[in-house]
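Protein chains in written order, with the numbering used here: chain A, 20 to 275; chain B, 20 to 275; chain C, 20 to 275; chain D, 20 to 275. Built from N, CA and C at the ideal position, the CB exists for glycine as well. I have placed the structure first, in the form of structure tokens, so that the comments after it can refer back to it.
Protein chains: 4
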Amino acid sequence: MSSTEIYVLEEVELNNPVFIEALPGIGHVGKLAADHIIDELEATKFAEIYSNSFPPQVFVKDNGIIESMSNELYYLKDVGENHLDLIILVGNTQALSPEGQYEVCKDTFDFVKNFGIQRVFTLGGLPVGQPLEEPKVLGAANCEENIEILKEIGVEIRENDGGIVGVSGLFLGIAKLNDIPGTCLMGETLGYFIDASAAEAMLEKLSVLLEFEVNTEKLEERAEETREMLAKAQQMEQQIINRASGADGEDLRYIG
Amino acid sequence: MSSTEIYVLEEVELNNPVFIEALPGIGHVGKLAADHIIDELEATKFAEIYSNSFPPQVFVKDNGIIESMSNELYYLKDVGENHLDLIILVGNTQALSPEGQYEVCKDTFDFVKNFGIQRVFTLGGLPVGQPLEEPKVLGAANCEENIEILKEIGVEIRENDGGIVGVSGLFLGIAKLNDIPGTCLMGETLGYFIDASAAEAMLEKLSVLLEFEVNTEKLEERAEETREMLAKAQQMEQQIINRASGADGEDLRYIG
Amino acid sequence: MSSTEIYVLEEVELNNPVFIEALPGIGHVGKLAADHIIDELEATKFAEIYSNSFPPQVFVKDNGIIESMSNELYYLKDVGENHLDLIILVGNTQALSPEGQYEVCKDTFDFVKNFGIQRVFTLGGLPVGQPLEEPKVLGAANCEENIEILKEIGVEIRENDGGIVGVSGLFLGIAKLNDIPGTCLMGETLGYFIDASAAEAMLEKLSVLLEFEVNTEKLEERAEETREMLAKAQQMEQQIINRASGADGEDLRYIG
Amino acid sequence: MSSTEIYVLEEVELNNPVFIEALPGIGHVGKLAADHIIDELEATKFAEIYSNSFPPQVFVKDNGIIESMSNELYYLKDVGENHLDLIILVGNTQALSPEGQYEVCKDTFDFVKNFGIQRVFTLGGLPVGQPLEEPKVLGAANCEENIEILKEIGVEIRENDGGIVGVSGLFLGIAKLNDIPGTCLMGETLGYFIDASAAEAMLEKLSVLLEFEVNTEKLEERAEETREMLAKAQQMEQQIINRASGADGEDLRYIG
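This is the structure in structure tokens:
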């Protein structure tokens with residue numbers, strides 16, 4: 020009995036769109052890259068996704084107006100040389116529990132599958148131990164064909180050194196069960212730092228794969244905004260985790 | 020499949036009521052203020068709310084009679100200069116899990132929405148580091164209009180410094196999705212102390228917003244009662260958390 | 020969507036039975052007392068209760084045969100001077116999660132309510148700091164009338180010093196919602212020790228309340244058996260808790 | 020409302036098959052033994068099992084292709100002197116939560132029961148404190164008859180020294196409720212080491228019980244492969260546990 024609620028803001032028809040997932044994750048490499056595409060190419064939000072598995076909180080924005088925890092779907096039409104349609108999944112959170120992760124992924128996938136998606140890209144970060152002059156982008160996929168494509172454009176293949184935790188992994192698995200080719204791009208990052216250069220490297224590879232152009236001039240400015248939002252978010256989330264695990268003397272009931 | 024059970028004690032008709040949430044939270048500022056309104060203005064309890072997400076326990080009161088964990092809805096008719104009807108949500112607990120928090124909020128909101136609520140107020144506390152001579156009341160809202168109203172009556176707007184965790188946040192988000200204007204009032208408090216002066220400051224602002232009068236003479240006396248109840252509650256809750264997180268050698272199965 | 024499964028072993032008709040809950044808890048005072056009644060008065064098991072919220076494990080008994088985690092319902096007919104019928108709830112576990120605690124309680128209550136139960140007793144332990152020469156039995160109830168009955172027979176009323184965590188509390192609350200009088204007897208105990216003298220004190224009070232006789236000669240022998248069973252159980256449960264809370268490097272997936 | 024999804028890859032008819040469970044567990048003794056049978060006797064995969072209770076992640080294999088968390092069912096026909104049909108349950112994970120453990124077990128059991136299974140074997144490990152020259156295989160069962168069979172072939176009976184945590188225990192309990200005889204074989208192992216000699220001892224006993232032969236020459240080679248896979252898995256799982264329990268400053272939302 021899923022608790023995922025999808026609010027459709029605009030009925031839209033898309034032509035075999037590419038689905039790109041970029042929810043908050045390690046170093047927010049994917050989120051930063053996707054938010055930049057949405058801004059630069061002026062994507063349109065057409066759906067909001069809510070779940071009981073999201074953190075039970077709201078953010079307070081600069082003007083005192085609250086922002087609920089949610090995922091959002093944007094679309095773009097006729098992008099780049101191949102005139103591609105895109106669906107981009109972004110948001111301010113992922114589900115807290117394992118069950119919630121699966122549930123929100125499946126419900127979101129079922130929703131976007133109806134638009135006839137033909138390819139899936141998930142954008143994540145890969146934590147590295149030291150600062151990098153030139154962060155690489157690594158790749159994994161749910162089919163041989165996509166691995167070959169990644170190799171052709173010079174994306175290093177991630178091999179047998181762990182896995183992909185969270186939605187960036189789950190969407191590849193769900194896509195595979197639906198016979199839809201999927202690729203995960205992972206930008207090397209220090210992880211605890213919103214990393215404009217990692218996002219830039221990722222945008223570059225994504226531009227080649229999807230054959231579109233995106234101006235990265237304002238990327239550092241956006242990184243700064245994201246840093247501020249996240250400092251706030253992480254502080255709240257740590258509070259919830261501490262409470263849930265009894266690390267301090269308070270718990271959820273004493274908030275509010 | 021929600022486990023929320025709402026027992027209606029009295030069928031009541033209300034005229035576009037204002038909904039006020041004041042469940043236990045930081046410093047119990049909201050709870051103390053709302054309990055005081057209920058007592059002074061002689062509000063009538065008309066519904067009890069139970070959930071499997073509440074802590075699995077009962078309190079033992081002074082006379083040896085047990086009290087279940089529950090939320091309660093009270094109504095008031097024809098209050099103040101504007102002859103407002105009010106629905107007030109109070110109780111001795113909030114849900115333990117994130118999923119439970121969302122579930123109880125949604126089910127409660129669906130219930131009160133049927134009474135035609137036009138505005139939502141959520142009352143919470145905001146922890147501050149040191150004792151305050153004159154605790155302020157800060158505000159946030161789910162729409163621009165309410166922010167303006169708060170500014171007009173001298174409530175400081177809380178800006179971009181975290182968020183609102185728990186039901187006081189969630190009700191604002193749910194109200195927004197239902198196009199109902201909502202405001203959160205947060206009373207500055209030390210947090211670990213039941214703070215009559217914070218509740219008094221909050222009652223003052225609420226009186227202005229809703230244009231009604233409430234005598235605050237007995238507030239300190241009520242604060243004392245609340246302190247005793249909470250000392251008991253927090254002790255039990257800490258036990259549950261410790262057990263759930265394995266911090267001691269016992270667990271839920273060995274209680275009872 | 021409850022996962023509680025109740026297997027009926029014998030269709031039985033009972034005459035307004037008294038329901039007694041005695042699941043594992045603090046010092047296993049209630050469990051020891053109830054197991055003794057079942058044994059001495061030769062009660063008949065008529066139902067087994069299973070739940071997905073019980074610990075995911077089985078015990079291995081002396082002969083190498085496994086025992087599932089379960090609760091069990093026994094009945095007795097025509098007991099004592101008042102010819103009472105009894106339903107006794109015992110078992111080797113309580114649910115692990117808060118939600119599970121509520122769910123199993125409600126489903127069990129709905130099942131026994133159909134037999135026309137008129138009174139509810141829950142048997143628990145109350146931890147005390149030091150060894151006691153003569154452990155007392157304290158009481159709480161869900162109605163004034165039961166408090167008076169307890170006072171009449173010399174049971175000290177527990178007042179405002181905490182609460183009752185787990186099923187012994189929840190059954191009182193559920194009974195109250197169903198207008199069925201309920202009493203909790205709590206035997207003082209060191210808690211970490213299976214305490215035959217605490218169970219004997221409890222049996223004595225219960226005998227007076229229900230007007231029946233039970234020979235307590237074999238109680239110490241039974242206490243010894245229970246100690247062995249519990250040493251085993253607590254060891255396993257601690258393992259599960261440690262794993263669930265990440266206290267060691269293993270988790271549930273690496274068991275089996 | 021179960022989230023277990025069973026994908027049938029091949030419709031197959033089996034003749035009163037024996038069901039063997041060998042999911043990842045202590046020392047991976049069972050998993051190693053079962054994977055070896057599948058490989059040597061060329062078993063056919065006929066179903067894949069997915070659950071929202073599995074860890075929310077995918078593995079990345081050597082070639083950069085992802086592998087979802089799943090359980091798998093293989094069949095073998097006409098094995099050994101008794102021409103037995105077998106169903107073997109293997110996989111790369113067990114469910115994370117207690118509720119998930121029960122749910123996946125029950126759903127899997129319901130599925131294989133339809134093939135007319137007559138016997139159940141669950142294969143696990145039993146951690147011992149020091150390295151063993153000749154690891155023993157211990158046994159437990161859900162009926163007297165199976166205990167006698169184990170004794171006849173020289174399997175030591177495990178008596179009253181704890182229990183069986185996870186699916187290897189749960190399947191025995193579920194089989195018992197379905198009147199199907201079940202046996203658990205537990206190979207002594209250091210636990211943190213993939214132990215080819217423990218798996219070999221288990222295969223030997225299983226060969227006698229089911230009267231079939233299996234070449235164990237390549238067992239050490241397979242052990243090595245399993246070690247590599249598990250090093251990867253355990254690292255990821257520890258990350259999830261740490262996050263879920265707040266042991267580090269990150270949580271699930273910041274992965275991906």
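Simplified DSSP assignment, three categories, for residue i
| i | result |
| --- | --- |
| A62(A) | coil |
| P117(D) | helix |
| N35(D) | coil |
| D214(B) | coil |
| F130(B) | helix |
| G185(B) | coil |
| A53(A) | helix |
| K155(A) | coil |
| M205(B) | strand |
| G46(D) | helix |
| R241(C) | helix |
| E220(A) | For the record, residue 220(A) in the displayed sequence is Ala; it is not Glu. In this structure, A220(A) counts as helix in the three-state DSSP scheme. |
| K96(C) | strand |
| T141(C) | strand |
| F73(A) | coil |
| E30(B) | coil |
| I199(B) | coil |
| F231(C) | coil |
| S87(B) | strand |
| V79(C) | strand |
| I193(D) | helix |
| A160(D) | strand |
| E122(A) | helix |
| E178(C) | coil |
| E247(B) | helix |
Proximal chain C residues relative to residue i, where beta-carbon distance stays under 8 angstroms
| i | result |
| --- | --- |
| A160(D) | G83, I84 and I85 |
| Y173(D) | Residue identity check: residue 173(D) is Gly in the sequence provided, not Tyr. What G173(D) touches in chain C: nothing, since even the nearest Cβ is about 14 angstroms away. |
Which listed residue (the options) has its alpha carbon closest to that of residue i
| i | options | result |
| --- | --- | --- |
| S116(C) | F134(C), F130(C), F65(C) and S22(C) | S22(C) |
| E59(A) | L222(A), A114(A) and C162(A) | L222(A) |
| G143(D) | L105(D), G49(D) and E152(D) | G49(D) |
| N34(D) | A217(D), G135(D), S70(D) and A41(D) | G135(D) |
| D129(C) | I193(C), K80(C), S89(C) and D54(C) | I193(C) |
| E207(C) | E240(C), R177(C), E118(C) and P200(C) | R177(C) |
| G158(A) | C203(D), P154(D) and N82(D) | N82(D) |
| D198(B) | I85(B), E232(B) and E163(B) | E163(B) |
| E67(A) | D54(A), E91(A), K80(A) and T127(A) | E91(A) |
| N133(C) | Q149(C), E32(C), A62(C) and A218(C) | E32(C) |
Residue i, enclosing alpha helix (DSSP H) - first and last residue
| i | result |
| --- | --- |
| N165(D) | E163 to E171 |
Continuous beta strand (DSSP E) stretch holding residue i: start and end
| i | result |
| --- | --- |
| L16(D) | Because chain D is modelled from 20 through 275, residue 16(D) falls outside the range shown and cannot be assessed. |
| I25(D) | E24 to V27 |
Listed by chain order, chain D residues near residue i by CB distance under 8 angstroms
| i | result |
| --- | --- |
| N90(C) | Near N90(C) there are no residues of chain D at all, since even the closest Cβ is about 14 angstroms away, more than 8 angstroms. |
Per-residue contacts from residue i into chain D (C-beta, under 7 angstroms)
| i | result |
| --- | --- |
| N34(C) | Correct list: empty, because the minimum Cβ distance to chain D is about 31 angstroms. |
Interface residues of chain B facing residue i [CB-CB closer than 8 angstroms]
| i | result |
| --- | --- |
| E163(C) | N82 and I84 |
Within chain B, partners of residue i - CB distance below 9 angstroms
| i | result |
| --- | --- |
| R138(C) | Chain B residues near R138(C): none, gap ~15 angstroms exceeds 9 angstroms. |
Neighbouring residues, chain C, relative to residue i (Cβ below 9 angstroms)
| i | result |
| --- | --- |
| E178(D) | V79, K80, D81, N82 and G83 |
Min CB distance residue i to chain G below 8 angstroms
| i | result |
| --- | --- |
| P117(A) | Of the protein chains in this structure, namely A, B, C and D, none is chain G. |
Closer than 8 angstroms at the beta carbon, the chain A residues around residue i
| i | result |
| --- | --- |
| L204(B) | Those do not exist, as L204(B) stays about 12 angstroms from chain A at its closest Cβ, beyond 8 angstroms. |
| I166(B) | N82, G83 and I84 |
Proximal residues of chain B, C-beta to C-beta of residue i below 7 angstroms
| i | result |
| --- | --- |
| L191(C) | V77 and I85 |
| task | Taking a Cβ distance cut-off of 8 angstroms, strictly less, list which residues of the segment 73–86 of chain D are near chain C, in chain order. | result | The residues in question are P74.
| Selection of the segment 212–241 of chain A by Cβ proximity to chain D, strictly under 8 angstroms | Listed by position along the chain: nothing, the set is empty.
| field | Selection of the segment 92–115 of chain B by Cβ proximity to chain C, strictly under 7 angstroms | value | In summary, the residues of the segment 92–115 of chain B whose CB is separated from some CB of chain C by less than 7 angstroms are L115, in the order they occur in the chain.
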